Amino acid sequence: MKFNTKTIHAGQKPEETSGAVMPPVFFTSTYAQEAPNRHKGHEYARVTNPTRTALENLLAGLEEAPHACAFASGCAAMDALMKMLRPGDHVIATNDIYGGSYRLFTEVFEPYGISFSFVDMRSIENVRKAFSTQTKMLFVETPTNPLLNIVDIASIANEAKKRNAVTVVDNTFASPALQQPLLLGADAVVHSTTKYIGGHSDIIGGAVCTNHDAIYENLLFQTKTTGGIPGPMDCYLALRGVKTLGLRIQRSCENAFTLAEYLTNRPDVDVVYYPGLLSHPGHDIARSQMNDFGGMISFSLSQDDIQSVETFMSNTRIFTLAESLGGVESLISHPASMTHASIPKKIREEAGLKDSLIRLSVGIEDVDDLRDDLDNAFDSLL
Ligand SMILES: *Cc1c(COP(=O)(O)O)cnc(C)c1O
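Residue numbers for the sequence shown follow this note's numbering, so the first one is 1 and each next one is one higher.
And the structure:
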């Protein structure tokens with residue numbers, strides 16, 4: 001099966017009793033047993049729910065994984081993954097990372113004795129230097145957030161294998177429609193299904209897909225034991241949303257490419273960060289490991305002051321000023337004060353994240369309207 005067929009059919013079959021084409025939303029906490037411990041495969045809904053299973057089967061199909069485990073949020077998914085580690089273990093993570101991941105690693109797991117090195121993974125030399133005998137995991141985000149740096153997944157995974165460390169890729173920005181890290185050698189993929197997979201900005205959800213039985217067993221144990229599971233309605237919405245992933249991503253990429261070129265040609269824009277541009281330093285790697293360049297663009301204004309940024313961002317009508325990304329609607333955000341505020345300013349600036357950076361999540365509207373909207377915002381700066 002090819003990708004667009006999988007987004008609709010992978011692991012799905014009509015419901016047995018009624019033939020319903022979409023899985024029912026199983027609102028239940030428990031399941032009747034015929035005799036003690038004789039049941040139809042379900043005992044208690046923290047452990048399994050058929051609506052959740054339907055979503056997991058589909059996500060596994062999209063990442064070419066034998067296993068997927070759904071969580072209440074992307075953060076809950078990462079939390080479960082990190083709990084595979086033990087005090088003393090060390091993780092090498094991408095430096096330009098989602099703010100919430102940084103907070104989880106440094107404020108929750110470091111106090112429990114797991115150490116993290118945040119390195120610019122565009123250079124494999126930096127990654128090699130960061131290894132210690134305690135390194136158990138490489139945590140990769142690519143394209144990175146919000147600078148859209150590209151990390152070469154295959155070479156990172158290769159390095160990790162030599163050292164017996166696992167490679168985890170946060171694939172939220174690309175989605176499996178654009179990038180399938182397990183096929184490039186990664187051991188697990190984590191998603192915030194809140195974003196492109198759900199695609200409609202109406203749920204919070206997460207998932208891990210893996211081709212390792214041991215990682216999967218561990219995740220099942222985590223969901224059963226700590227209970228960071230998504231409810232059945234959210235699973236249903238994610239399942240409904242993901243069916244149009246291929247179409248949505250295609251349109252987002254087309255729109256983003258058009259807007260990236262438009263921004264590049266504007267004198268009032270300083271730098272445009274979009275991997276689809278030939279001038280982007282990661283363009284060639286993006287071309288080789290991704291099917292297209294995604295719907296996210298960041299840029300900085302020539303007028304590098306916070307007042308101009310605020311004026312610009314308050315003057316878009318179609319681009320809604322909000323955190324998050326990956327929905328059908330276009331959003332505009334200010335990473336330094338919104339998604340990345342939990343990263344100290346000094347560390348943000350070392351990673352190249354200026355206070356004047358603006359991030360766009362380009363939706364599936366008509367691109368002419370999006371361009372007009374940005375035009376108006378630029379006019380407000382005059
Ligand atoms: C949003 C996001 C997360 C966290 O996911 P939630 O569903 O909000 O918990 C993790 N990684 C990336 C890249 C994200 O954009």
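Yeah, the Cβ is synthetic: ideal placement off N, Cα and C, and Gly gets one too.
All of these numbers come straight from a predicted model, not from anything done at the bench.
Coarse secondary structure for residue i, derived from DSSP in three states
{"i": "residue 35", "result": "strand"}
{"i": "residue 44", "result": "strand"}
{"i": "residue 102", "result": "helix"}
{"i": "residue 170", "result": "strand"}
{"i": "residue 115", "result": "strand"}
{"i": "residue 229", "result": "coil"}
{"i": "residue 53", "result": "helix"}
{"i": "residue 21", "result": "coil"}
{"i": "residue 165", "result": "coil"}
{"i": "residue 340", "result": "coil"}
{"i": "residue 5", "result": "helix"}
{"i": "residue 188", "result": "strand"}
{"i": "residue 148", "result": "coil"}
{"i": "residue 59", "result": "helix"}
{"i": "residue 182", "result": "helix"}
Limits of the alpha helix (DSSP H) - the one that residue i falls within
{"i": "residue 223", "result": "213-226"}
{"i": "residue 309", "result": "306-313"}
{"i": "residue 207", "result": "Premise fails: residue 207 lies in the beta strand (DSSP E), 206-210, not in any alpha helix (DSSP H)."}
{"i": "residue 82", "result": "74-82"}
{"i": "residue 252", "result": "245-264"}
{"i": "residue 296", "result": "Not the alpha helix (DSSP H): residue 296 falls in the beta strand (DSSP E), residues 296-301."}
{"i": "residue 234", "result": "232-242"}
{"i": "residue 94", "result": "From DSSP, residue 94 is part of no alpha helix (DSSP H) but of the beta strand (DSSP E) over 90-94."}
{"i": "residue 288", "result": "283-289"}
{"i": "residue 130", "result": "124-130"}
{"i": "residue 367", "result": "367-379"}
{"i": "residue 347", "result": "345-350"}
First and last residue of the uninterrupted beta strand (DSSP E) at residue i
{"i": "residue 332", "result": "331-333"}
{"i": "residue 139", "result": "135-141"}
{"i": "residue 71", "result": "67-71"}
{"i": "residue 270", "result": "269-273"}
{"i": "residue 361", "result": "357-361"}
Sub-9 Å separation of residue i and residue j beta-carbons
{"i": "residue 142", "j": "residue 153", "result": "yes"}
{"i": "residue 297", "j": "residue 245", "result": "no"}
{"i": "residue 93", "j": "residue 139", "result": "yes"}
{"i": "residue 301", "j": "residue 334", "result": "no"}
{"i": "residue 217", "j": "residue 367", "result": "no"}
{"i": "residue 263", "j": "residue 311", "result": "no"}
{"i": "residue 295", "j": "residue 249", "result": "yes"}
{"i": "residue 325", "j": "residue 209", "result": "no"}
{"i": "residue 215", "j": "residue 241", "result": "no"}
{"i": "residue 96", "j": "residue 351", "result": "yes"}
{"i": "residue 174", "j": "residue 137", "result": "no"}
{"i": "residue 86", "j": "residue 223", "result": "no"}
{"i": "residue 272", "j": "residue 299", "result": "yes"}
{"i": "residue 292", "j": "residue 178", "result": "yes"}
{"i": "residue 238", "j": "residue 205", "result": "yes"}
{"i": "residue 172", "j": "residue 151", "result": "no"}
{"i": "residue 122", "j": "residue 281", "result": "yes"}
{"i": "residue 104", "j": "residue 207", "result": "no"}
{"i": "residue 345", "j": "residue 355", "result": "yes"}
{"i": "residue 276", "j": "residue 330", "result": "no"}
{"i": "residue 16", "j": "residue 31", "result": "no"}
{"i": "residue 48", "j": "residue 89", "result": "no"}
{"i": "residue 22", "j": "residue 9", "result": "no"}
{"i": "residue 12", "j": "residue 59", "result": "no"}
{"i": "residue 343", "j": "residue 102", "result": "yes"}
{"i": "residue 220", "j": "residue 69", "result": "yes"}
Beta-carbon separation (whole angstroms), residue i vs residue j, contact threshold 8 Å
{"i": "residue 229", "j": "residue 71", "result": "7 Å"}
{"i": "residue 243", "j": "residue 7", "result": "6 Å"}
{"i": "residue 75", "j": "residue 99", "result": "About 11 Å; that fails the 8 Å criterion."}
{"i": "residue 184", "j": "residue 289", "result": "6 Å"}
{"i": "residue 211", "j": "residue 65", "result": "5 Å"}
{"i": "residue 73", "j": "residue 192", "result": "7 Å"}
{"i": "residue 268", "j": "residue 304", "result": "Contact doesn't hold; Cβ gap of about 11 Å is too wide."}
{"i": "residue 266", "j": "residue 118", "result": "Actually they do not touch by this definition, with Cβ atoms about 33 Å apart."}
{"i": "residue 318", "j": "residue 349", "result": "The pair is not a contact, with the Cβ atoms about 31 Å apart (cut-off 8 Å)."}
{"i": "residue 91", "j": "residue 116", "result": "5 Å"}
{"i": "residue 236", "j": "residue 108", "result": "Actually they are not in contact, since the Cβ atoms of residue 236 and residue 108 sit about 30 Å apart, beyond 8 Å."}
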